[in-house]
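Visitor: I have a structure I would like to understand better, so I am pasting it below and will then ask my questions one at a time.
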Ligand code: PMP
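Numbering (full-length UniProt numbering), first residue to last: 1 to 446.
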């Protein structure tokens, strides 16, 4: 009987004991290809010697110094590095320990920005259905994942949701990309107007949706229209790239492919690559200036803000990513992975969609390919595929999302940026074998 209470697994979990490159090893010596980088975390794989050395050196030199007394070299250098790689307007970094904390931090920064400017009435946050922004109460409140919210509904702050941009399920017959984007932007504008002028603080969206819907990129022109609506109403744009950022989609920031720059950007996962828990908010000068020029201090903080070892780990990860040209590699590997997925699953009877960007790709699992009819949610097909893949030495990230009230299953691949073409080909093969085995074992689909 384990004394760990992280969750109650239906199947007892293997014990992970070692990581090397793109592989994890369990206590019985079995090897797994980390095809999802955990949850899109391990961008450099495991045991990278330079990162390991940087972490060890920092622990020895200075493990911790509270940010009310000191700043630290790794935190300063990491902030410089991020500022140097981001659009000029997004030059200030606030370091936390997770994606959820990054989201909470961004929500509070937005609120304080408005209050400093004399707009204390701005309290509402608008986000999207079919989204995930973290599991702490504030982040959960703005999230649009009905399943994750349900139990905690009575504890959650008021939230306002609009439709996600998910062309496969949300676009109306005959609608062009531009018309669809226009309709969604209009929906946001109507929501802001309904809540009342000067009462909305921020609009929050994942640039490319991860956990809930599986690598869903917006249609072209969506974010510029959303940006324009936000500007018209003085609403800050917060992009959540906790999962899709830091090179994962083939550009350093996912928003670079959208033609917009957010006011606040949430980062985590790939920032530290799993070597330490770290998240960040990158903030626009206008937000920071309003706070610094107003009351002078951001009313927020956690004990581990700007943790030196976490910052040293992220600095080492990001230095390697840059030196080895890994973001360009992600874009190239991503094109190959996409082609491989299409050749393996393009006419698979139970794959309804293949989508994603860079090394952030998903397949949607359906009961019937032609109609797109989903599997019965009770079958938990995504979880079965995850287990079958793990038995075959492949880790992939499953989810059963609700897409505007309609259930769907998908499996996400988000392998390390250092994966080889051969490893990715093999991962697709294993995924195919796992899916076929699961389908064979399902109750007869009448
Ligand atoms: N935002 C997004 C888009 C995420 O995918 C996640 C985690 N899956 C979070 C926020 C929360 O991050 P964390 O689990 O590190 O708190």
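Quick reminder that beta carbons are idealized off the backbone N, C-alpha and C, glycines included.
Residue 145 and residue 163: beta carbons closer than 8 Å?
Guide: Cβ atoms of residue 145 and residue 163: not closer than 8 Å.
Visitor: List the DSSP bridge partners of residue 282.
Guide: 93 and 265
Visitor: At what residue ranges does the region 138 to 171 contain a whole run of the alpha helix (DSSP H), taking only runs of 4 or more?
Guide: 146 to 149 and 167 to 170
Visitor: Measuring CB to CB, does residue 102 end up less than 8 Å from residue 279?
Guide: yes
Visitor: Per DSSP, which residues does residue 185 bridge with? Please list them.
Guide: None, per the DSSP bridge assignment.
Visitor: Assuming contact is defined by CB atoms lying nearer than 8 Å, are residue 369 and residue 350 in contact in what I supplied?
Guide: yes
Visitor: I need the straight-line Cα distance from residue 66 to residue 303, nearest angstrom please.
Guide: 7 Å
Visitor: Can you tell me whether DSSP reads residue 289 as helix, strand or coil?
Guide: In the three-state DSSP reduction, residue 289 falls in the helix class (H, G or I).
Visitor: Identify every residue that forms a DSSP beta bridge with residue 125.
Guide: 202
Visitor: How big is the Cα-Cα spacing for residue 210 and residue 247?
Guide: 14 Å
Visitor: Please check the pair residue 125 and residue 204, which I expect to be a contact at CB under 8 Å, by giving their CB distance rounded to whole angstroms.
Guide: About 6 Å separates the Cβ atoms of residue 125 and residue 204, confirming a contact at the 8 Å cut-off.
Visitor: Taking the alpha-carbon positions, what's the residue 272 to residue 122 distance?
Guide: 33 Å
Visitor: Which same chain residues, not among the five before or five after residue 331, have their C-beta less than 7 Å away from its C-beta?
Guide: 250 and 358
Visitor: Can you tell me whether residue 241 is buried or exposed? The criterion is at least 16 other CB atoms within 10 Å of its CB, across all chains shown.
Guide: buried
Visitor: Ordered along the chain, which non-local residues of its own chain (more than five positions away) have a Cβ less than 8 Å from that of residue 117?
Guide: 290 and 294
Visitor: Is residue 98 close to ligand 1? I mean its beta-carbon at under 7 Å from any heavy atom of the ligand.
Guide: Distance from the C-beta of residue 98 to the nearest heavy atom of ligand 1 is below 7 Å.
Visitor: Cα-Cα, which of 375, 39 and 18 is closest to residue 214?
Guide: 39
Visitor: Quick one: what does DSSP say residue 440 is sitting in, helix, strand or coil?
Guide: helix
Visitor: Which residues share a DSSP beta bridge with residue 274?
Guide: In DSSP, residue 274 forms no bridge with anything.
Visitor: From residue 360 to residue 346, what distance separates their C-alpha atoms?
Guide: 17 Å
Visitor: For a test of the three-state rule: what should DSSP assign to residue 302, helix, strand or coil?
Guide: coil
Visitor: Along the beta strand (DSSP E) that carries residue 219, what are the first and last residues, could you check?
Guide: Neither: residue 219 is in no beta strand (DSSP E) and is coded neither H nor E.
Visitor: Could you check if residue 193 is buried or exposed, using at least 16 other CB atoms within 10 Å of its CB as the buried criterion?
Guide: Exposed is the label assigned to residue 193, since fewer than 16 other Cβ atoms lie within 10 Å of its Cβ.
Visitor: Going by DSSP, name the residue or residues bridged to residue 373.
Guide: 368
Visitor: Return yes when at least one heavy atom of ligand 1 lies under 7 Å from the C-beta of residue 47, else no.
Guide: no
Visitor: From the DSSP output, in three-state form, read off residue 46 for me.
Guide: strand
Visitor: Kindly list the residues whose CB is nearer than 6 Å to the CB of residue 229, restricted to its own chain and excluding five residues on each side of it in sequence; keep chain order.
Guide: 185, 188 and 189
Visitor: Any idea if residue 71 is buried or exposed, counting beta-carbon neighbours within 10 angstroms, 16 or more meaning buried?
Guide: exposed
Visitor: So, is residue 5 buried or exposed, given that buried needs 16 or more other C-beta atoms within 10 angstroms?
Guide: exposed
Visitor: Measure the CB-CB distance between residue 356 and residue 372 and report whether it falls below 8 Å.
Guide: Result no, Cβ atoms of residue 356 and residue 372 do not sit closer than 8 Å.
Visitor: Compute the Euclidean distance between the alpha carbons of residue 286 and residue 216, then round it to the nearest angstrom.
Guide: 30 Å
Visitor: May I have the straight-line CA-CA distance separating residue 316 from residue 112, to the nearest angstrom?
Guide: Each residue's alpha carbon lies about 32 Å from the other.
Visitor: Roughly how far, in whole angstroms, is the beta-carbon of residue 207 from the beta-carbon of residue 156, given that I think they are within contact range, below 8 Å?
Guide: With 8 Å as the limit, residue 207 and residue 156 do not qualify as a contact, their Cβ atoms being about 24 Å apart.
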